[in-house]
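**Q**
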Amino acid sequence: MIRVCGIAGLKLHTEFADGDRLRRTGEQMADAIIHRGPDDGDVWVGADVGVVLAHRRLSILDLSPAGHQPMSSACGRYVVVFNGEIYNWVSIRTELEQSGKAPAWRGYSDTEVLLAGIVAWGLEATLKRARGMFAIAVWDSRERMLSLVRDRIGEKPLYYGRVGNAFAFSSELKSLRAIPGGDFQTDPGALALMLRYGYVPTPLSIYRNIFKLPPGTLLRVNARGEFGEPEAWWSFAETARQRAAARSPMSDAKALDALDEVLGSAIGEQMEADVPLGALLSGGLDSSMVVALMQSRSAKPVRTFTIGFAEGAYDEAAHAKVVAAHLGTEHTELYVSPDQARAIIPRLPDMYDEPFADSSQIPTALVCALTRQHVTVCLSGDAGDELFGGYNRYFWATSLWQRFGKLPLGLRRRAAGLFSSISAGAWNNALGALSWAMPGRLRVSNPGDKLHKLAEVMGADSEEALYRELVSQWRGVLPLRTPGEPKTLVADPATWPGMPCYAERMMAVDTLTYLPDDILVKVDRAAMAASLETRVPFLDERVISFAWGLPFEQKVRNGQGKWLLRQLLYRYVPQAMVDRPKQGFGVPIEHWLRGPLRDWAEDLLSPDQLGSDGLLDPVPIRAMWQRHLSGRNVQYALWNVLMYQAWRRRWA
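Its first residue numbered 21, the sequence shown is counted upward by one per residue in the working numbering.
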């Protein structure tokens with residue numbers, strides 16, 4: 021095993037091409053993503069078929085030349101470039117050997133095992149055997165067919181589309197921009213969705229005619245460079261639906277033992293590496309769970325890493341330190357000043373490659389850079405919320421709809437107008453006085469802000485619309501000169517997976533949208549910018565299947581999410597160490613925009629800058645900026661605009 025890496029390539033519409041020119045193009049594409057694989061790289065050229073495959077390598081396992089890519093199968097029919105890891109490659113290799121279908125092995129890489137599996141069973145049958153994270157391109161010389169593949173949930177990125185006279189693909193957009201003759205124009209529909217949600221949803225990219233390959237799919241490209249729609253080789257929605265439909269009662273004790281086994285097995289498998297390995301530890305439930313199970317399987321202290329912040333409300337380092345001490349890890353923490361954190365902002369457009377506006381990208385980039393100074397691979401606790409019901413919106417939306425959903429829509433909208441018409445400060449003063457008059461009854465911090473947030477979603481006319489409002493960062497009419505917002509899964513209730521309850525429907529939609537397009541993008545780009553591999557044990561196929569087979573009451577109980585996960589963690593860490601309110605991994609963007617980032621933001625939000633590409637409408641954006649400066653916190657919507665503007669200044 022050798023990667024996380026970067027892959028790129030193209031297929032011309034003709035089958036005969038200038039080999040030297042193809043090689044130069046492939047080298048330029050690979051050089052653009054050298055940060056994804058600084059250890060090695062190469063290009064394979066099939067001039068007679070108009071194909072080039074490029075690879076950059078970050079060595080993890082089998083550091084020898086036997087793991088070099090692009091790699092050809094022993095029979096010579098297939099050539100592959102591969103980004104990711106197949107964690108169960110040893111068992112697949114054993115199956116090949118026992119069936120008599122193994123080649124004469126050249127080394128110990130999962131790439132070689134992947135190729136041998138394709139030769140023996142075909143591409144899809146091999147993928148269904150593989151547990152891991154990956155983006156793969158396979159050239160079949162017999163069928164004159166290029167196949168692109170993405171892993172089940174979308175841990176590894178893969179872009180594709182037509183650039184000039186070629187079909188092209190890459191791990192990052194900057195590789196595609198390296199192809200001569202490309203015409204990259206911003207897609208207004210993708211921009212609309214980015215402003216709405218803070219990211220560009222799959223299958224779109226920020227560019228017209230360039231797409232993201234959806235998770236769990238493969239795309240076939242023929243000899244003329246023609247391609248159709250991606251085909252599913254695995255479906256999360258169908259897996260979750262089948263597992264939910266087949267649920268049967270299981271005692272809490274048995275469920276707890278089963279979770280310990282399945283999650284521990286996934287973590288043990290992902291701890292394999294020939295380079296230093298560690299874990300990101302925030303001190304929260306999910307990362308503490310991963311570290312606890314890692315340490316239980318390690319004969320020496322696990323390396324753990326945490327970033328601390330001077331702003332107390334955003335600092336989790338003290339919690340992480342206590343957990344690390346209890347588990348006996350070798351813990352490293354770095355406290356950064358606000359100036360150090362803000363210094364990463366100019367690098368974000370290069371790091372994320374298309375507009376991306378989850379502000380926790382800043383601490384994520386910092387902790388990945390710290391971690392890479394000590395290890396090459398780290399495990400993270402991402403995806404625990406989506407699988408085990410951890411986000412507050414699952415409870416808040418359910419409770420809100422039960423309380424207000426049956427009230428007439430007109431009445432709710434009038435109440436929302438009333439709440440919005442009074443400033444948050446006035447509400448705080450009024451409710452503060454009421455709290456003083458009725459001691460012990462009202463203990464809500466910043467009630468005015470909460471009432472304004474409530475007002476923003478009270479006008480929803482369905483459960484699905486309420487969810488959409490909760491996950492939208494720019495609500496209402498978008499600030500675009502030309503209206504138009506492509507329909508996505510979030511906004512199309514007919515496409516939502518059928519689940520037993522509202523909360524589980526939200527969990528499923530999050531897993532199909534927010535998880536791959538926000539959470540996993542955030543971590544992949546930040547880690548790859550530091551040449552660090554991250555692994556996500558919660559996204560092991562067996563853990564996903566187990567979680568969706570659990571009755572909902574074993575995931576959410578007594579108004580508390582991740583119930584079973586908590587009980588398991590209590591086996592390893594005292595309850596008092598980890599039982600605390602959920603805390604996001606963020607920075608105080610709202611204060612920074614009024615203070616040290618104000619000049620930077622004012623420049624990007626000036627009327628001239630906002631109007632320069634003809635897509636944004638400066639008037640509502642300037643109005644929102646003034647609202648924020650006056651004390652009304654609308655930082656997330658503004659951050660979306662700022663990240664688009666910063667990206668456009670860098671790339672457009």
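No residue lacks a Cβ here, since even glycine has one placed at the ideal position from N, Cα and C.
If you're wondering where the values come from, they're calculated on a predicted model, not measured in any experiment.
Starting from A264, trace the alpha helix (DSSP H) in both directions and tell me its first and last residue.
**A** By 1-based counting over the sequence shown, the position of residue 264 is 244. Per DSSP, A264 belongs to the alpha helix (DSSP H) from F256 to A265.
**Q** Indicate the three-state DSSP secondary structure (helix, strand or coil) for S195 in the structure shown.
**A** For the purposes of this step, residue 195 is taken as the residue at position 175 of the sequence shown. In this structure, S195 counts as helix in the three-state DSSP scheme.
**Q** Whether or not the segment 504-515 and the segment 428-440 are in contact is what I'm after, with contact meaning three or more pairs of Cβ atoms, one per stretch, closer than 8 Å; do they touch?
**A** no
**Q** Residue range of the alpha helix (DSSP H) that K341 falls in?
**A** Taking the first residue of the sequence shown as 1, we reach residue 341 at position 321. That run of the alpha helix (DSSP H) goes A337 to L347.
**Q** For the beta strand (DSSP E) that L300 lies in, which residues bound it at each end?
**A** For the purposes of this step, residue 300 is taken as the residue at position 280 of the sequence shown. Unbroken beta strand (DSSP E) run through L300: L297 to L300.
**Q** For M519, which residues of its own chain have a beta-carbon under 8 Å away from its beta-carbon, when the five flanking residues on both sides are left out?
**A** Residue 519 sits at position 499 when you count from the first residue of the sequence shown. Closer than 8 Å at the Cβ level, and outside the excluded window around M519, lie A260, R261, A264, R525, M527 and A528.
**Q** Which first and last residues belong to the alpha helix (DSSP H) in which A212 is found?
**A** Your numbering for residue 212 matches position 192 in the sequence shown. Here the alpha helix (DSSP H) through A212 covers P208 to Y217.
**Q** Taking the C-alpha atoms as reference points, what is the distance between K31 and E573?
**A** Here residue 31 refers to the residue found at position 11 of the sequence shown. Here residue 573 refers to the residue found at position 553 of the sequence shown. Cα to Cα, K31 sits roughly 51 Å from E573.
**Q** A273: which of A643, L584 and I641 sits nearest, CA to CA?
**A** Taking the first residue of the sequence shown as 1, we reach residue 273 at position 253. Minimum Cα distance to A273 is reached at L584.
**Q** Near R317, what residues of its chain come up, given a Cβ to Cβ distance below 8 Å and the 5 sequence neighbours on each side ignored?
**A** Here residue 317 is taken as the residue at index 297 of the sequence shown, counted from 1. Same-chain partners within the cutoff: G284, I287, G288 and M291.
**Q** Hey, how far is the Cα of P459 from the Cα of V497?
**A** The count along the sequence shown starts at 1 and reaches residue 459 at position 439. The count along the sequence shown starts at 1 and reaches residue 497 at position 477. Because the pLDDT at P459 is just 44, under 50, the model does not fix this residue reliably, and the point stays unresolved.
**Q** Any idea if S650 is buried or exposed, counting beta-carbon neighbours within 10 angstroms, 16 or more meaning buried?
**A** Position 630 of the sequence shown holds residue 650. By the neighbour-count rule (16 or more Cβ atoms within 10 Å), S650 is not buried but exposed.
**Q** Compute the distance between the beta-carbons of T45 and I199, then report whether it is under 9 Å.
**A** Here residue 45 refers to the residue found at position 25 of the sequence shown. Here residue 199 refers to the residue found at position 179 of the sequence shown. Their beta carbons are under 9 Å apart, which means T45 touches I199 by this criterion.
**Q** Under DSSP, the alpha helix (DSSP H) around W659 begins and ends at which residues?
**A** Position 639 of the sequence shown, counted from the start, is the residue given in the question as residue 659. From DSSP, the alpha helix (DSSP H) with W659 extends over Q655 to W671.
**Q** Under the rule that 16 or more other beta-carbon atoms within 10 Å means buried, what is E281, buried or exposed?
**A** Position 261 of the sequence shown, counting from 1, holds the residue named residue 281. With fewer than 16 Cβ atoms within 10 Å of its Cβ, E281 is classed as exposed.
**Q** When the Cα atoms are used, what is the spatial distance from I365 to G218?
**A** Stepping through the sequence shown from its first residue, residue 365 is reached at position 345. Stepping through the sequence shown from its first residue, residue 218 is reached at position 198. Straight across, the Cα-Cα distance linking I365 with G218 is about 16 Å.
**Q** Hey, how far is the Cα of L300 from the Cα of R323?
**A** Along the sequence shown, one-based indexing puts residue 300 at 280. Along the sequence shown, one-based indexing puts residue 323 at 303. Approximately 9 Å between the Cα atoms of the pair.
**Q** Do you know offhand how far D599's Cα is from D402's?
**A** The residue given as residue 599 occupies position 579 in the sequence shown. The residue given as residue 402 occupies position 382 in the sequence shown. Roughly 18 Å between the two C-alpha positions.
**Q** Who are the Cβ neighbours of S92 in its own chain at under 6 Å, not counting the five residues just before and after it?
**A** By 1-based counting over the sequence shown, the position of residue 92 is 72. Excluding residues within five positions, the ones whose Cβ falls inside 6 Å are V99.
**Q** Look up C398 in the DSSP assignment and give the residues it is bridged to.
**A** Here residue 398 refers to the residue found at position 378 of the sequence shown. Looking at the DSSP assignment, C398 forms a beta bridge with G298 and T554.
**Q** Mind checking who T237 pairs with in its DSSP beta bridge?
**A** Translated into positions along the sequence shown, residue 237 becomes position 217. T237 pairs with A252.
**Q** Using the C-alpha atoms, what's the distance from D40 back to R162?
**A** In the sequence shown, the residue the question calls residue 162 occupies position 142. In the sequence shown, the residue the question calls residue 40 occupies position 20. In a straight line, the C-alpha of R162 is about 23 Å away from that of D40.
**Q** Does the contact criterion of 3 or more C-beta pairs under 8 Å hold for the segment 345-360 versus the segment 631-639?
**A** no
**Q** In angstroms, rounded to a whole number, what distance separates the CA positions of V71 and E35?
**A** The residue labelled residue 71 in the question sits at position 51 within the sequence shown. The residue labelled residue 35 in the question sits at position 15 within the sequence shown. Between V71 and E35, the C-alpha separation is close to 8 Å.
**Q** Given A5, which residues of its chain have a CB within under 7 Å of its CB, disregarding the five upstream and five downstream residues?
**A** In the structure displayed, the chain extends from 21 to 672; residue 5 sits before or after that span and is not available.
**Q** Just the C-alpha distance for R463 and Q587, rounded to the nearest angstrom, thanks.
**A** Locating residue 463 in the sequence shown gives position 443, where the first residue counts as 1. Locating residue 587 in the sequence shown gives position 567, where the first residue counts as 1. Because R463 sits at a pLDDT of 45, beneath the cut-off of 50, its placement in the model cannot be relied upon, and the point is left open.
**Q** Among residues of its own chain, excluding the 5 on either side of G504, which ones have a beta-carbon nearer than 8 Å to its beta-carbon?
**A** Working through the sequence shown from its first residue, we reach residue 504 at position 484. Cβ neighbours of G504 beyond the five flanking positions: P208, G209 and A212.
**Q** Indicate the three-state DSSP secondary structure (helix, strand or coil) for I327 in the structure shown.
**A** Here residue 327 refers to the residue found at position 307 of the sequence shown. Residue state, collapsed to three classes: strand.
**Q** Taking all protein chains shown into account, do 16 or more other C-beta atoms lie within 10 angstroms of the C-beta of N185, making it buried, or fewer, making it exposed?
**A** Residue 185 sits at position 165 when you count from the first residue of the sequence shown. When all chains shown are included, N185 counts as exposed.
**Q** Who pairs with Y534 in a beta bridge, going by DSSP?
**A** For this step, residue 534 is matched to residue 514 along the sequence shown. According to DSSP, Y534 bridges with nothing at all.
**Q** Quick one: Cα of R495 to Cα of L625, how far?
**A** Here residue 495 is taken as the residue at index 475 of the sequence shown, counted from 1. Here residue 625 is taken as the residue at index 605 of the sequence shown, counted from 1. The alpha-carbon atoms of R495 and L625 are separated by roughly 19 Å.
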